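Just so you know, the sequences run in chain order A and B.
The opening position of the first sequence corresponds to residue 182 in my numbering, with each subsequent residue numbered one higher.
The opening position of the second sequence corresponds to residue 6 in my numbering, with each subsequent residue numbered one higher.
C-beta: ideal position from N, C-alpha, C; glycine also.
As the structure is a computational prediction, the values presented were derived from the model and not from experiment.
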Amino acid sequence: MKKEQTVLLAHGSGGVMMKEIIDDLFYEGYGSDILLQGDDAAKLSLDHIKPGSSLSFSTDSFVVSPISFPGADIGRLAICGTVNDVATAGATPLYLSCGFILEEGLAISELKEVIASMAKAAKEAGVKIVTGDTKVVERGKADKLFINTSGIGIIEPGRNLSGHNIKAGDKVLVSGTLGDHGIAIISCREELSFSTTITSDAAPLNHLIADVLKSCSKVKAFRDPTRGGLASTLNEFADQCGQDIKIYEEKVPVKDEVRAACDMLGYDVYQVANEGKMVCIVDAEEAEAALEAMRANPLGKDAAIIGEVCTPRKADHPLVSVVTPFGSERVLDMLVGEQLPRIC
Amino acid sequence: MSMDLSVFKNPELTKETLKRLEDLAEGKQYTFMEVCGTHTVSIARYGFRSLLPKNITLLSGPGCPVCVSANKDLDMAIALSKEEDIILTTFGDMMRVPGSSTSLAKEKAKGADVRVCYSPLDAIQIAKDNPEKEVVFAGVGFETTAPIVASAAIEAHEEGLENFSVLSVHKTMPNALEAIVNDKELGLDGLILPGHVSVITGIKPYYFLADTYHIPGVVTGFEPLDILLGIYELVDMVKHDRPAIKNAYTRGVRDEGNIAAQNIISEVFDEVDVEWRGLGMIPKSGLDFSNTYAYLDARKRFSDVKPEPTKEHKGCKCGEILRGHMHPSECPLFDRACTPQNPIGPCMVSSEGSCSAAYRYRDIG
Numbered sequence: 182m183k184k185e186q187t188v189l190l191a192h193g194s195g196g197v198m199m200k201e202i203i204d205d206l207f208y209e210g211y212g213s214d215i216l217l218q219g220d221d222a223a224k225l226s227l228d229h230i231k232p233g234s235s236l237s238f239s240t241d242s243f244v245v246s247p248i249s250f251p252g253a254d255i256g257r258l259a260i261c262g263t264v265n266d267v268a269t270a271g272a273t274p275l276y277l278s279c280g281f282i283l284e285e286g287l288a289i290s291e292l293k294e295v296i297a298s299m300a301k302a303a304k305e306a307g308v309k310i311v312t313g314d315t316k317v318v319e320r321g322k323a324d325k326l327f328i329n330t331s332g333i334g335i336i337e338p339g340r341n342l343s344g345h346n347i348k349a350g351d352k353v354l355v356s357g358t359l360g361d362h363g364i365a366i367i368s369c370r371e372e373l374s375f376s377t378t379i380t381s382d383a384a385p386l387n388h389l390i391a392d393v394l395k396s397c398s399k400v401k402a403f404r405d406p407t408r409g410g411l412a413s414t415l416n417e418f419a420d421q422c423g424q425d426i427k428i429y430e431e432k433v434p435v436k437d438e439v440r441a442a443c444d445m446l447g448y449d450v451y452q453v454a455n456e457g458k459m460v461c462i463v464d465a466e467e468a469e470a471a472l473e474a475m476r477a478n479p480l481g482k483d484a485a486i487i488g489e490v491c492t493p494r495k496a497d498h499p500l501v502s503v504v505t506p507f508g509s510e511r512v513l514d515m516l517v518g519e520q521l522p523r524i525c
Numbered sequence: 006m007s008m009d010l011s012v013f014k015n016p017e018l019t020k021e022t023l024k025r026l027e028d029l030a031e032g033k034q035y036t037f038m039e040v041c042g043t044h045t046v047s048i049a050r051y052g053f054r055s056l057l058p059k060n061i062t063l064l065s066g067p068g069c070p071v072c073v074s075a076n077k078d079l080d081m082a083i084a085l086s087k088e089e090d091i092i093l094t095t096f097g098d099m100m101r102v103p104g105s106s107t108s109l110a111k112e113k114a115k116g117a118d119v120r121v122c123y124s125p126l127d128a129i130q131i132a133k134d135n136p137e138k139e140v141v142f143a144g145v146g147f148e149t150t151a152p153i154v155a156s157a158a159i160e161a162h163e164e165g166l167e168n169f170s171v172l173s174v175h176k177t178m179p180n181a182l183e184a185i186v187n188d189k190e191l192g193l194d195g196l197i198l199p200g201h202v203s204v205i206t207g208i209k210p211y212y213f214l215a216d217t218y219h220i221p222g223v224v225t226g227f228e229p230l231d232i233l234l235g236i237y238e239l240v241d242m243v244k245h246d247r248p249a250i251k252n253a254y255t256r257g258v259r260d261e262g263n264i265a266a267q268n269i270i271s272e273v274f275d276e277v278d279v280e281w282r283g284l285g286m287i288p289k290s291g292l293d294f295s296n297t298y299a300y301l302d303a304r305k306r307f308s309d310v311k312p313e314p315t316k317e318h319k320g321c322k323c324g325e326i327l328r329g330h331m332h333p334s335e336c337p338l339f340d341r342a343c344t345p346q347n348p349i350g351p352c353m354v355s356s357e358g359s360c361s362a363a364y365r366y367r368d369i370g
């Protein structure tokens with residue numbers, strides 16, 4: 182007798198278990214060719230309207246607790262998350278929708294703060310919120326408020342960014358320090374408050390992406406390393422392109438405070454969430470140009486080339502690996518389960 | 006949090022130390038064991054097993070608190086979580102560990118009220134906020150976590166909190182180490198002693214290892230250079246036949262330990278014989294409430310709650326692995342039937358488990 186399976190919290194952590202639910206249930210259930218591309222945004226051809234042009238379309242829901250934390254809040258995340266996903270396709274994000282699920286009893290002043298924060302982030306990104314929906318559920322049926330945003334943007338004719346384009350020899354770039362958002366959130370959860378100066382990095386990265394695309398024509402793909410961190414992003418790329426990806430620990434930018442917090446909690450910084458960082462895969466020829474373009478933007482000042490794409494060492498199973506400063510090389514897996522503080 | 010540890014990660018110093026270690030260790034086989042989950046993870050993460058000279062073997066011992074918990078204790082926590090009027094609170098690492106047939110995470114998804122706490126003091130707060138419920142804290146851990154559980158017990162006692170209790174699965178390290186060094190099959194030459202446990206206990210409880218068993222031990226920190234220097238000291242003591250207990254982690258551990266924490270443990274707990282996974286019953290290696298606090302013992306308070314009959318996981322070698330008799334990669338289930346996504350035994354579930362560390366940080370190859 183097969184036991185009834187249930188959804189576990191770990192199914193939402195951005196790691197292996199979430200991938201299982203996506204592959205086995207959603208892909209299996211809907212399976213449209215566009216969905217199965219597996220990129221952060223869907224690319225919708227508008228060929229029949231204007232030859233060569235297409236739309237980038239993406240959606241994201243936000244359920245973070247607490248709703249406000251050092252450096253950002255749920256509203257800022259809701260704008261940045263979707264803007265960044267839309268922009269990863271190389272698109273100019275233009276319009277967002279916004280759906281609210283509000284818990285009975287939420288203070289209107291808190292809602293006002295979230296709305297103000299969304300308006301500010303939308304202004305930074307240069308996008309308009311053009312349609313929305315509001316539902317209220319009984320106390321206890323939601324945690325203050327949940328937000329869904331969807332966004333669309335225009336992709337210039339001829340532009341085709343996707344994890345499927347990645348080839349051996351390409352370089353891996355990251356636009357700044359890793360782990361800031363995840364550590365900022367965990368530092369202020371009431372059960373585990375510890376003092377830190379780390380603030381969330383949540384920011385709209387569409388302008389940074391546009392800067393890179395202005396100076397480089399051989400960018401293969403962008404992806405923002407949110408839940409599941411860099412480890413999930415690189416493993417998703419490796420799966421899409423069938424190549425190995427190798428990064429060098431000493432080249433990956435991480436703030437000292439974030440590293441110290443990860444050591445204390447027993448977290449792997451590569452699996453910690455970011456909300457204002459972009460991973461970019463680019464042809465080796467243009468890696469320096471892409472780096473320069475990122476660094477010229479204030480949101481990319483700590484950008485670095487952290488590794489490269491290589492031909493797979495195991496035919497059936499592309500690997501992501503980390504070379505330690507001591508020369509040993511280890512596998513970098515996706516997060517399994519949830520990230521939990523150690524007890525020994 | 007602001008202490009600069011970068012020197013302990015310095016690649017040049019590390020390579021230099023490795024070279025010196027190789028020279029010192031030449032001409033003899035050495036077998037050492039580490040007995041702390043955080044050491045297990047560090048050693049795997051930095052790829053030490055492939056970096057060290059071939060004549061130095063590192064074994065992992067019973068250093069993961071969740072892993073050494075016996076199935077019957079896990080089953081008891083799960084049975085309590087299923088009770089309608091109980092909120093079961095525990096550390097996050099306990100959630101996915103399989104008991105005989107289910108886990109706390111699975112029971113939570115089915116409706117059990119299980120809550121992850123970062124400290125037992127959070128459980129006290131939950132008890133205060135839910136006076137109509139019983140709140141049980143499933144306390145697992147070594148000397149590292151025992152003092153905070155003890156302070157929670159004292160707080161509950163002083164405030165007369167009637168709906169709070171603890172399922173104590175706490176264990177203490179010294180007598181487990183005695184069981185380990187008595188295992189002649191291992192042929193241990195020395196022990197890398199736990200960093201976090203020793204912050205509380207100090208180094209005196211380990212003196213018997215050198216005095217009675219002629220086995221040297223070094224308390225070390227968790228950075229690459231900490232661990233290497235610890236191994237260097239061990240090789241040096243073995244080579245010159247001068248076994249002693251040394252503290253190479255003085256930035257974290259005082260020789261006498263944390264006296265206040267030791268006092269609080271002995272006020273609240275008595276030492277009792279308990280069962281360890283893999284090691285069996287070890288005399289005076291567990292902590293149970295002393296008389297004053299005995300009413301906080303969840304096993305006594307809920308004596309009518311019976312766990313399911315204990316069932317071991319078929320083919321799982323966690324026991325052998327915890328005793329150091331087997332490296333995770335030698336288990337027939339490792340990376341086949343047993344992976345972090347579909348774990349069979351606790352050593353693959355807990356982030357500090359030997360199998361999980363060996364899997365997550367496996368070498369390319």
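Assess, as a yes-or-no matter, whether the stretch 356-366 of chain A is touched by the stretch 448-467 of chain A under the definition of 3 or more beta carbon pairs within less than 8 Å. yes
Relative to the alpha-carbon of B/Lys305, which residue among B/Arg328, B/Val154, B/Ser173, B/Lys251 has its alpha-carbon at the smallest distance? Residue numbering aside, residue 305 of chain B sits at position 300 when the second sequence is read from its first letter. For B/Lys305, the closest alpha carbon among the candidates B/Arg328, B/Val154, B/Ser173, B/Lys251 is that of B/Ser173.
Looking at the strands, I want to know which residues DSSP matches up with A/Glu489. Within the first sequence, the letter at position 308 stands for residue 489 of chain A. Residue pairing from DSSP places A/Glu489 in a beta bridge opposite A/Lys352, A/Lys427.
If you follow the beta strand (DSSP E) that B/Asp216 is in, where does it begin and where does it stop? The residue labelled residue 216 of chain B in the question sits at position 211 within the second sequence. It is not in any beta strand (DSSP E) - B/Asp216 instead sits in the alpha helix (DSSP H) that spans 212-218.
Just curious, the beta strand (DSSP E) that B/Ile91 is in, first and last residue? Stepping through the second sequence from its first residue, residue 91 of chain B is reached at position 86. 91-95 is the extent of the beta strand (DSSP E) around B/Ile91.
Inter-residue Cα distance where the pair is B/Pro136 and B/Asp302: Locating residue 136 of chain B in the second sequence gives position 131, where the first residue counts as 1. Locating residue 302 of chain B in the second sequence gives position 297, where the first residue counts as 1. If I take the Cα positions, the gap works out to 18 Å.
Just tell me which of B/Leu230, B/Leu234, B/Gly226 has its CA closest to the CA of B/Lys14. Stepping through the second sequence from its first residue, residue 14 of chain B is reached at position 9. In terms of Cα proximity to B/Lys14, the closest of B/Leu230, B/Leu234, B/Gly226 is B/Leu230.
What's the C-alpha gap between A/Gly193 and A/Met199? As a working mapping, residue 193 of chain A is identified with position 12 in the first sequence. As a working mapping, residue 199 of chain A is identified with position 18 in the first sequence. So the alpha carbons of these two residues sit roughly 6 Å apart.
Take B/Glu163 as the anchor and find which of B/Leu292, B/Met286, B/Val273 has the nearest alpha-carbon. Translated into positions along the second sequence, residue 163 of chain B becomes position 158. Among B/Leu292, B/Met286, B/Val273, the Cα nearest to that of B/Glu163 is on B/Val273.
Taking its Cβ as the centre, do 16 or more other Cβ atoms sit within 10 Å of B/Lys113, making it buried, or is it exposed? For the purposes of this step, residue 113 of chain B is taken as residue 108 along the second sequence, with counting starting at 1. Classification of B/Lys113: buried, given that the 10 Å Cβ count is 16 or more.
Beta-carbon within less than 7 Å of B/His201's beta-carbon, same chain only, minus the 5 sequence neighbours each way: which residues are those? In the second sequence, counting from the first residue as 1, residue 201 of chain B sits at position 196. Excluding sequence neighbours, B/His201 sits near Cys41, Thr43, Thr149.
Could you check what DSSP says for B/Lys20 in three-state terms: helix, strand or coil? The residue labelled residue 20 of chain B in the question sits at position 15 within the second sequence. Three-state DSSP puts B/Lys20 in a helix.
From B/Glu167, B/Leu18, B/Val240, residue whose alpha carbon lies closest to that of B/Asp29: Here residue 29 of chain B corresponds to residue number 24 of the second sequence, with the count starting at 1. The displayed chain sequence assigns Leu, not Asp, to residue 29 of chain B. Here the closest residue by C-alpha is B/Val240.
Proximity test, Cβ basis, 8 Å: A/Lys183 and chain B: By one-based count along the first sequence, residue 183 of chain A stands at place 2. Legend: pLDDT at A/Lys183 = 48, less than 50; position of this residue unreliable, no value from coordinates given.
Taking 6 Å as the limit between beta carbons, can you name the residues of its chain near B/Lys244, skipping five residues before and five after? Position 239 of the second sequence, counting from 1, holds the residue named residue 244 of chain B. If you ignore the 5 residues before and after B/Lys244, its C-beta comes within less than 6 Å of no other C-beta in its own chain.
Own chain, CB closer than 6 Å to B/Gln34, minus 5 neighbours either side, in chain order: The residue you call residue 34 of chain B lines up with position 29 of the second sequence. Excluding residues within five positions, the ones whose Cβ falls inside 6 Å are Asn60.
With distances taken between CB atoms, is the gap from A/Val267 to A/Ser237 smaller than 8 Å? Here residue 267 of chain A refers to the residue found at position 86 of the first sequence. Here residue 237 of chain A refers to the residue found at position 56 of the first sequence. Cβ atoms of A/Val267 and A/Ser237: closer than 8 Å.
Residues of chain A with a CB under 7 Å from the CB of B/Asp278: which are they? Residue mapping note: residue 278 of chain B aligns to position 273 of the second sequence, counting from 1. Within 7 Å Cβ-Cβ: nothing; B/Asp278 doesn't reach chain A, min ~22 Å.
Near-chain A residues of the stretch 335-362 of chain B - C-beta to any C-beta below 7 Å: Pro345, Gln346, Ser356, Glu357
With burial defined as no fewer than 16 other Cβ atoms inside 10 Å of the residue's Cβ, what is the status of B/Asp194: buried or exposed? Looking up residue 194 of chain B in the second sequence gives position 189. Label assigned to B/Asp194: buried.
Taking C-beta to C-beta, are A/Val512 and A/Leu500 nearer than 8 Å? Taking the first residue of the first sequence as position 1, residue 512 of chain A is located at position 331. Taking the first residue of the first sequence as position 1, residue 500 of chain A is located at position 319. In this structure, A/Leu500 lies closer than 8 Å to A/Val512 by Cβ.
Just confirm the distance between the C-beta atoms of B/Arg365 and A/Asp514, as a whole number of angstroms; I'd bet it's less than 8 Å. Within the second sequence, residue 365 of chain B is the residue found at index 360, counting from 1. Within the first sequence, residue 514 of chain A is the residue found at index 333, counting from 1. With 8 Å as the limit, B/Arg365 and A/Asp514 qualify as a contact, their Cβ atoms being about 6 Å apart.
Between the C-alpha atoms of A/Pro522 and B/Ser170, what's the straight-line distance to the nearest angstrom? Here residue 522 of chain A refers to the residue found at position 341 when the first sequence is read from its first residue. Here residue 170 of chain B refers to the residue found at position 165 when the second sequence is read from its first residue. If I take the Cα positions, the gap works out to 23 Å.
Can you pull out the residues from the stretch 494-520 of chain A whose beta carbon lies closer than 8 Å to at least one beta carbon of chain B? Arg494, Leu500, Ser502, Thr505, Pro506, Phe507, Gly508, Ser509, Glu510, Arg511, Val512, Asp514, Val517, Gly518, Glu519: these are the residues of the stretch 494-520 of chain A whose beta carbon lies less than 8 Å from some beta carbon of chain B, given in chain order.
Could you compute how far the alpha carbon of A/Ala470 sits from the alpha carbon of B/Ser361? Taking the first residue of the first sequence as position 1, residue 470 of chain A is located at position 289. Taking the first residue of the second sequence as position 1, residue 361 of chain B is located at position 356. Distance between the alpha carbons of A/Ala470 and B/Ser361 is about 40 Å.
Backbone CA spacing between B/Asp98 and A/Asp228 [nearest angstrom]: Position 93 of the second sequence, counted from the first residue, corresponds to residue 98 of chain B. Position 47 of the first sequence, counted from the first residue, corresponds to residue 228 of chain A. In a straight line, the C-alpha of B/Asp98 is about 52 Å away from that of A/Asp228.
Could you please give the first and the last residue of the uninterrupted beta strand (DSSP E) stretch that includes B/His385? Beyond the ends of chain B as shown, which are 6 and 370, falls residue 385 of chain B; an answer cannot be given.
Nearest to A/Ser502 by CA position, among A/Cys443, A/Ser396, A/Gln424, is which residue? One-based indexing of the first sequence puts residue 502 of chain A at position 321. The shortest Cα separation from A/Ser502 among A/Cys443, A/Ser396, A/Gln424 belongs to A/Gln424.
Excluding the five sequence neighbours on either side, which residues of its own chain have a C-beta within less than 6 Å of the C-beta of A/Phe243, listed in chain order? By 1-based counting over the first sequence, the position of residue 243 of chain A is 62. Closer than 6 Å at Cβ, skipping near neighbours: Ile255, Leu258, Ala259, Ile328.
If you follow the beta strand (DSSP E) that B/Val224 is part of, which residue opens it and which one closes it? On the second sequence, position 219 is the one that residue 224 of chain B refers to. Segment 222-224, the beta strand (DSSP E) holding B/Val224.
Contact belief for A/Ala484 with A/Leu394 at Cβ below 8 Å, rounded distance in angstroms: The residue labelled residue 484 of chain A in the question sits at position 303 within the first sequence. The residue labelled residue 394 of chain A in the question sits at position 213 within the first sequence. Not quite, the Cβ-Cβ distance comes to about 15 Å (not below 8 Å), so this is no contact.
A/Met445: which of B/Ser359, B/Tyr123, B/Gly207 sits nearest, CA to CA? Here residue 445 of chain A refers to the residue found at position 264 of the first sequence. Taking only the C-alpha atoms, the option nearest A/Met445 is B/Tyr123.
Going by DSSP in three states, A/Asp324 sits in which element: helix, strand or coil? Looking up residue 324 of chain A in the first sequence gives position 143. Taken through DSSP and simplified to helix, strand or coil, A/Asp324 comes out as coil.
Only counting the same chain, and skipping five residues up and downstream in sequence, which positions put a Cβ closer than 6 Å to that of B/Tyr254? Position 249 of the second sequence, counted from the start, is the residue given in the question as residue 254 of chain B. Cβ within range, chain order: Gly200, Val224, Thr225, Gly226.
Applying the criterion that 16 or more other CB atoms from any shown protein chain within 10 Å of the CB defines a buried residue, is B/Glu39 buried or exposed? In the second sequence, residue 39 of chain B corresponds to position 34, counting from 1. Result: buried.
Compute the beta-carbon to beta-carbon distance between A/Cys261 and A/Ala302, rounded to the nearest angstrom, for a pair I have assumed lies under 8 Å. Within the first sequence, numbered from 1, the residue matching residue 261 of chain A stands at position 80. Within the first sequence, numbered from 1, the residue matching residue 302 of chain A stands at position 121. Indeed they touch by this definition, with Cβ atoms about 6 Å apart.
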